[in-house]
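K.L.:
Protein chains in written order, with our numbering: chain H, 1 to 310; chain R, 1001 to 1458.
No residue lacks a Cβ here, since even glycine has one placed at the ideal position from N, Cα and C.
For clarity, every value in this text was computed on a predicted model and none was experimentally measured.
1) Does the separation of the CB atoms of residue 145(H) and residue 167(H) fall below 8 Å?
2) What would DSSP say about residue 1531(R), mapped onto helix, strand or coil?
3) Give a yes or no on whether 8 Å exceeds the smallest Cβ distance from residue 27(H) to chain R.
4) What residues from the segment 228 to 243 of chain H come within 8 Å of chain R, judged by C-beta to C-beta, listed N to C?
5) Residues of chain H with a CB under 8 Å from the CB of residue 1083(R): which are they?
6) Cα separation between residue 1371(R) and residue 275(H)?
7) Classify residue 1218(R): buried if its beta carbon has 16 or more other beta carbons within 10 angstroms, exposed otherwise.
8) Would you mind listing the alpha helix (DSSP H) stretches within the segment 154 to 231 of chain H that are 4+ residues and don't spill past its ends, in chain order?
9) If we count the other Cβ atoms within 10 Å of its Cβ and call it buried at 16 or more, is residue 97(H) buried or exposed?
10) Is residue 1201(R) close to chain H, meaning its C-beta is less than 8 Å from at least one C-beta of that chain?
11) List the residues of chain H that residue 1431(R) touches, going by C-beta distances under 7 Å, in chain order.
12) Just the C-alpha distance for residue 286(H) and residue 56(H), rounded to the nearest angstrom, thanks.
13) Name the chain R residues that come within less than 9 Å of residue 41(H), Cβ to Cβ?
14) Could you tell me whether the Cβ of residue 1419(R) comes closer than 8 Å to any Cβ of chain H?
15) Would you kindly work out how many angstroms separate the C-alpha atoms of residue 1039(R) and residue 62(H), rounded to a whole number?
16) According to a CB-to-CB cut-off of less than 8 Å, which residues of the segment 110 to 140 of chain H neighbour chain R?
17) Please specify which runs of the beta strand (DSSP E), each continuous and at least 3 residues long, are wholly inside the segment 1068 to 1135 of chain R, giving them in chain order.
18) Would you say residue 1405(R) and residue 1327(R) are within 8 Å of each other, going by their C-beta atoms?
19) Please name the residue, chosen from 149(H), 204(H), 13(H) and 208(H), that lies closest to residue 179(H) on a Cα-to-Cα basis.
20) Report all residues from its chain with a CB closer than 8 Å to the CB of residue 304(H); omit the five preceding and five following residues, and keep chain order.
21) According to DSSP, what are the bridge partners of residue 1387(R)?
22) Just checking residue 293(H) against the ligand MN - is the residue's beta carbon closer than 7 Å to any of the ligand's heavy atoms?
23) Could you tell me the distance, in whole angstroms, from the CA atom of residue 1207(R) to the CA atom of residue 1104(R)?
24) According to the Cβ coordinates, are residue 1062(R) and residue 1360(R) closer than 8 Å?
25) So, at 8 Å on beta carbons, what are the nonlocal neighbours of residue 297(H) in its own chain, with the 5 sequence-adjacent residues on each side left out?
26) Given that a residue counts as buried once 16 or more other Cβ atoms are within 10 Å of its Cβ, and exposed if not, what is residue 194(H)?
27) Name the DSSP beta bridge partners of residue 1374(R), please?
28) Under 8 Å, do residue 1349(R) and residue 1097(R) count as touching if we go by C-beta distance?
29) What number of angstroms, rounded off, separates the C-alpha of residue 1127(R) from the C-alpha of residue 1357(R)?
30) Counting Cβ pairs closer than 8 Å, one from the segment 1380 to 1395 of chain R and one from the segment 1063 to 1073 of chain R, do we hit at least three?
31) On the three-state DSSP scale, how would you describe residue 306(H)?
32) Taking the straight line between their C-alpha atoms, what separation do you get for residue 38(H) and residue 271(H)?
33) Between residue 169(H) and chain R, is any beta-carbon pair separated by less than 8 Å?
34) Please identify the residue among 1234(R), 1152(R) and 1214(R) whose C-alpha is closest to the C-alpha of residue 1317(R).
35) Name, please, each residue of chain R whose Cβ falls closer than 7 Å to the Cβ of residue 311(H).
36) Spell out whether any CB of chain R is found under 8 Å from the CB atom of residue 148(H).
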């Protein structure tokens, strides 16, 4: 009877199990094997040992394409995670206030999250157009010079990437991607709102009795109580931002334009595998990416005991 | 009904469904039915969309009506990932019989043994006749390692579109030399003007280093060289001179200004392309497809006075090449695993007009606004009529016959090489990077890739 139930159970989960083995485990292991091969998709893989990994290392040391893609990915991942936490928490706190029309504000903030990625990317290309975009028009009203956005190789947080003639035009393609990433902050908002609703009211009452104002209550009650959720969102956001592809592919003309300034690892991987027919190199990159994400996640878990309130 | 019986029934249902799904692919009809019953089917993948698709479907219909042995089934795959779909079909062992493409992939694919060389399809007599029949540019586009792997069916030629009315307003002549072009740029958009310019006399596009490099006397590759290091020549002096000249514009206006000005063009698509929209340029380089846009803009002007446009070849510096430029085009390839290669070859010949049907090819080219690949097609009454109706096309057709129109060299890493050179030019124009350094990096990267690919081929 027990054996029969086991077989029935396995058969019941077999559609998922088959999908998992064929679509996840097999590509995962196949990519590991291909990373040690020269493989062009069109002929049999040829074993080349560590050549692909050596190439990645030399590109990293000499500042080649892989180093550029890694820098771009780090910029996007760190920037988008930080911005999503700051904006997500700030918006969630404001939307938790008892004000008239709160439901409408919540809906408005969540609405962009349901717009398909491709449509949103095309919309942002228009919004961030240096000459005719609404964002630059708005900046102009407060005397900020028009920014280059997706046409510029500049990056606001990297002064070394600012063009010599920038004249205040320091925001470039990577910053445009960061702005775009905020478009989906509505998803996080829902989680933060739920977490805020879960914070016991007594904590605020106690803080108020101790004379804490709204700002102190936020830093000493709300924020510590939100840290488990922030931690979850940081880990998930990091993984998602490293894997981000569609929107970057669209705004960068599918090439990481201009001049490779939006060439992230996921895009570089795709182009190497399916345009340059270099699946071995792309697989090695995928594994390096996997290891980097895993190490960062482990590091986050280890440091979490110092800042996550349990 | 007991639980056991119900479960048994469920399992029977699931098993039947699974078997049906597994058997479905085998149920595909193998032969043609209906009007074309008994004919061999040629599966043809192409990327044409919009109004061009109608022209393609018309050619297919004419071919299907012209003989009784084959029937071509066109499958439109518009979008940018035709390559990916093709690779998957090859890996899955079921590629199309024929595919039309326009990226520099012939070298990459031929070297990897994916394509059928045309000498396996055509007779010796046909091949030798074909070599003289098509324009040199069309021959170069299909050749890898001195063997023909692709048959070009349309050329994309670049030239300078000049707004004659705007130039006359500034007493500027048409650009016959590089100095003329610089003067047009400086007169219409002086270097010391305020930033945020809305009009340029001329502004080089980073993607056009492939054209200017050839005009300045470069070739980007020495296909006769023996080693990969000698074969890639992106850092040769003429290409460097071309990029230095282009960089002069970036220095004149500033990289940020150049990048910002180019950006506006993303918002100007279709018939409002940059030359027409608000007279954004006095002179710009573009392909023959813009002739149609200019004609449509004139037709929709409702009697208002419109600017006069003239097409001129790219001016060459002293020691450079005349009537030169970068050419690409549409070409047919037959996968190695294609099932109906003979039918594919017959259709290719029919499309380009090499099957004693030049008039049919001429009508198709006229309808699509395409540049034919042979004089014989150009000379047909239908195409001559198109030239009379669209006189701007004439210069493109003349340039198509020039031996100085060069495609991306047919290397086994051509696709990557093309992008590397474009990225180098973008870094120079949009970031103010050093031209020599960027070209050396692009060349070195390509040499390393070529070495790897060559080693694997041994």
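P.N.:
The structure says:
1) Residue 167(H) is positioned such that its CB atom lies closer than 8 Å to that of residue 145(H).
2) The structure shown has nothing for residue 1531(R), since chain R only spans 1001 to 1458.
3) No, because no Cβ of chain R sits closer than 8 Å to the Cβ of residue 27(H).
4) none
5) 274 and 275
6) 27 Å
7) buried
8) 173 to 182, 185 to 198, 201 to 209 and 214 to 217
9) exposed
10) Residue 1201(R) does not count as touching chain H.
11) Neighbours of residue 1431(R) on chain H, chain order: 153, 163 and 259.
12) 11 Å
13) Contacts between residue 41(H) and chain R, judged by CB atoms closer than 9 Å, involve 1087, 1088, 1090, 1091 and 1112 in chain order.
14) yes
15) When only Cα atoms are considered, residue 1039(R) and residue 62(H) end up about 59 Å apart.
16) 125, 126, 129, 130, 131 and 132
17) 1070 to 1076 and 1098 to 1101
18) yes
19) 149(H)
20) 231
21) Bridge partners of residue 1387(R): none, in fact.
22) For the structure depicted, the ligand MN is absent and the ligand set is empty, with no information on it obtainable.
23) Near 14 Å, if we compare the C-alpha coordinates of residue 1104(R) and residue 1207(R).
24) yes
25) If the five residues before and after residue 297(H) are omitted, its C-beta is found closer than 8 Å to the C-beta atoms of 235, 238 and 239, all from its own chain and listed in chain order.
26) With fewer than 16 Cβ atoms within 10 Å of its Cβ, residue 194(H) is classed as exposed.
27) 1134(R)
28) no
29) 17 Å
30) no
31) Secondary structure of residue 306(H) (DSSP, three-state): helix.
32) 16 Å
33) yes
34) 1214(R)
35) Residue 311(H) falls outside the range modelled here, since chain H spans only 1 to 310, and no answer is possible.
36) yes
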